[in-house]
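One structure is given here, and the rest of the page talks about it.
Numbering (this note's numbering), first residue to last: 1 to 174.
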């Protein structure tokens, strides 16, 4: 009888990386690109999983979490970045760490024309607000990028975004 060891999917590895690095608050607007992270956070009794009505609420929530000595992450789609610009501008002034994971639209294989403008504008908008952006194209980049981004955010009090490309998550036809 052979024992098979199943290799975790990159989504599972991303969740494990965040948890290993002390993230205990997951704020999100529901999104198919983040479904696995949302599901894991909702089932994990050691974390708080908070659905939001708009992405900008997550910025304030994570600032409050930091004041309470907690680490959090905001999960959003690239279209949600546009909803957060004013709140993102306050991160540097408030000098608090910020970590977001953005599922990108409007790039590799995109089939919905409405997703292109913000998909192409998300990174420049984040960078204009002082957020360091790290794009992931392949599964092998997930853990090292997550570990580095989490350390940068929480040990150096920086605003950091991990951008999950459509090449990684798969293009949607809606």
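Glycine included, each C-beta is placed from N, C-alpha and C at the ideal position.
Remember, it's a predicted structure, so these values are computed and weren't measured experimentally.
Q.
Given a cut-off of 7 Å on the beta-carbon distance, is the pair residue 55 and residue 80 in contact?
A. yes
| Roughly how many whole angstroms lie between the Cα atoms of residue 97 and residue 143? | 20 Å
| What beta strand (DSSP E) runs, 3 residues minimum, are completely inside the segment 80 to 151? | 98 to 103 and 132 to 136
Classify residue 54 as helix, strand or coil using the three-state DSSP reduction. coil
- Item | Option nearest residue 123 by Cα separation, candidates 171, 110, 160 and 66 | Among 171, 110, 160 and 66, the Cα nearest to that of residue 123 belongs to 160.
What are the residues that DSSP puts in a beta bridge with residue 60?
According to DSSP, which records beta bridges pairwise, residue 60 is partnered with nothing at all.
inquiry  = In whole angstroms, give me the CA-to-CA distance for residue 1 and residue 12.
reply    = Its pLDDT being 45, under 50, residue 1 is placed unreliably in this model, and the value from its coordinates should be taken loosely. Approximately 27 Å, taken between the alpha carbons.
Margin query: Let me confirm a value: residue 178 is counted as buried when at least 16 other C-beta atoms fall within 10 Å, else exposed. Which label applies?
Written below: The question about residue 178 has no answer here: the residues shown for the chain are numbered 1 through 174.
Which of helix, strand or coil does DSSP assign to residue 72?
In the three-state scheme derived from DSSP, where H, G and I count as helix and E and B as strand, residue 72 is classed as strand.
With a threshold of 8 Å on Cβ separation, who are the neighbours of residue 21 within its own chain once the five nearest residues in sequence on each side are excluded? 71, 146, 147, 150, 151 and 154
Legend entry - Extent of the continuous beta strand (DSSP E) to which residue 161 belongs: 159 to 164
Can we say the segment 81 to 90 touches the segment 111 to 125, given the rule of at least three CB pairs closer than 8 Å?
yes
Check your understanding: Residue range of the beta strand (DSSP E) that residue 42 falls in?
Key -> Taken as a continuous stretch (DSSP letters only), residue 42 belongs to no beta strand (DSSP E), being part of the alpha helix (DSSP H) at 35 to 43.
Notebook entry, point to check: How would you write the range of the alpha helix (DSSP H) that residue 18 sits in, first residue to last?
Noted result: Where residue 18 is concerned, the enclosing alpha helix (DSSP H) stretches over 10 to 20.
field: residue 40 versus residue 92: straight-line alpha-carbon distance, rounded
entry: 30 Å
On the three-pair Cβ rule with 8 Å, is the segment 59 to 71 touching the segment 105 to 119? no
_Tell me which residues share the same chain as residue 171 and place their Cβ nearer than 7 Å to its Cβ, disregarding the 5 neighbours each side in the sequence._
108, 109, 110 and 111.
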